[in-house]
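Residue numbers (this note's numbering): 492 to 724. Positions of the beta carbon are idealized from the N, C-alpha and C atoms, including for glycine. In this text the structure is predicted, and so the values were computed from the model without any measurement. First up is the structure itself, then whatever we jot down about it.
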């Protein structure tokens with residue numbers, strides 16, 4: 492049974508599995524990264540960009556290739572991922588990329604509209620319903636545009652069914668359904684991001700694109716994977 496990882500578990504994951512940091516780095520050519528970077532490039536010119544939950548930086552490697560003169564930053568809660576990512580990026584000759592330790596729930600160090608683009612890749616699927624609204628509000632505060640590669644609620648009835656199954660198996664009130672915008676737990680959190688963002692951005696400024704099924708050899712991502720783009724009001 493898949494369980495949800497807490498922030499502490501992510502931050503200390505290298506104690507139990509030292510290979511994951513390097514495996515993330517080796518995944519730089521994964522097809523979904525190409526698709527994600529292409530969606531981000533639509534918002535050119537880009538002078539500053541932040542990835543929340545960057546791990547060792549495989550996405551930022553691709554971003555730095557596309558925008559060698561931009562200020563490129565990433566934050567992640569795992570110190571080993573940040574350390575190794577900075578080392579590998581320097582070895583690749585990228586001087587405009589910097590990774591730092593940080594959490595999605597704590598973005599107060601960044602000023603309003605600090606970045607042209609703020610993006611995530613499989614990060615909000617771990618953020619709890621009680622935290623998600625404040626997290627996306629803060630992301631919109633610091634960025635002009637958000638690009639999210641996350642799980643979107645394409646099938647409400649299936650999500651409700653799976654949510655009940657996981658709630659029963661995990662025997663936890665934390666996974667009980669509250670609202671579509673806050674999320675259904677289906678192994679990870681899947682949400683109606685259009686509903687979630689409705690008070691922060693007009694509907695016409697929210698774009699949802701389903702990831703092609705052949706892009707990811709994972710049933711969850713094939714079923715729920717999406718790019719969510721949100722422009723400021």
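Separation of residue 650 from residue 642, as counted between CA atoms = Distance between the alpha carbons of residue 642 and residue 650 is about 11 angstroms.
message = With a threshold of 6 angstroms on Cβ separation, who are the neighbours of residue 593 within its own chain once the five nearest residues in sequence on each side are excluded?
response = Take residue 593, set aside five residues on each side of it, and the residues of its chain with a beta-carbon closer than 6 angstroms to its own are 566, in chain order.
key: Bounding residues of the alpha helix (DSSP H) (the contiguous stretch that carries residue 554)   = Residue 554 -> alpha helix (DSSP H) spans 549-557.
request  = Report the rounded CA-to-CA distance for residue 605 versus residue 713, giving the unit in angstroms.
outcome  = Approximately 33 angstroms between the Cα atoms of the pair.
request  = With residue 753 as the anchor, note down where its alpha helix (DSSP H) starts and where it stops.
outcome  = One cannot answer for residue 753 here, as it falls past the ends of the chain, which runs 492 to 724.
message = Contact between the region 677-684 and the region 628-644 is defined here as three or more beta-carbon pairs at a separation below 8 angstroms; is this criterion met?
response = In the pairwise beta carbon analysis, the region 677-684 is classified as touching the region 628-644: at least three pairs are separated by under 8 angstroms.
ask   = Can you tell me the Cα-Cα spacing of residue 721 and residue 609, whole angstroms?
value = So the alpha carbons of these two residues sit roughly 10 angstroms apart.
key: Of the residues 588, 572, 576, 632, the one placed nearest residue 556, counting alpha carbons only   = The shortest C-alpha to C-alpha distance from residue 556 to any of 588, 572, 576, 632 is the one to 588.
key: residue 637, DSSP secondary structure in three states   = Correct three-state label for residue 637: strand.
query = Contact between the region 527-537 and the region 593-603: three or more CB pairs below 8 angstroms?
reply = Touching, no, given that fewer than three Cβ pairs across the two stretches are closer than 8 angstroms.
request  = Using the Cα positions of residue 620 and residue 573, report the straight-line distance between them to the nearest angstrom.
outcome  = Computed Cα separation, rounded: 27 angstroms.
Complete runs of the beta strand (DSSP E) confined to the region 513-577 [at least 3 residues] = Correct list: 539-543, 562-567.
message = Please identify the residue among 683, 586, 617 whose C-alpha is closest to the C-alpha of residue 647.
response = It is 683.
request  = Output yes or no for whether 9 angstroms exceeds the beta carbon distance between residue 697 and residue 527.
outcome  = No; because the gap between Cβ atoms is not below 9 angstroms, this pair is not in contact.
ask   = Is residue 707 helix, strand or coil by DSSP?
value = Coil.
inquiry  = Taking a contact to mean a Cβ-Cβ separation below 9 angstroms, would you say residue 673 touches residue 624 in this structure?
reply    = Less than 9 angstroms separates the beta-carbon of residue 673 from that of residue 624.
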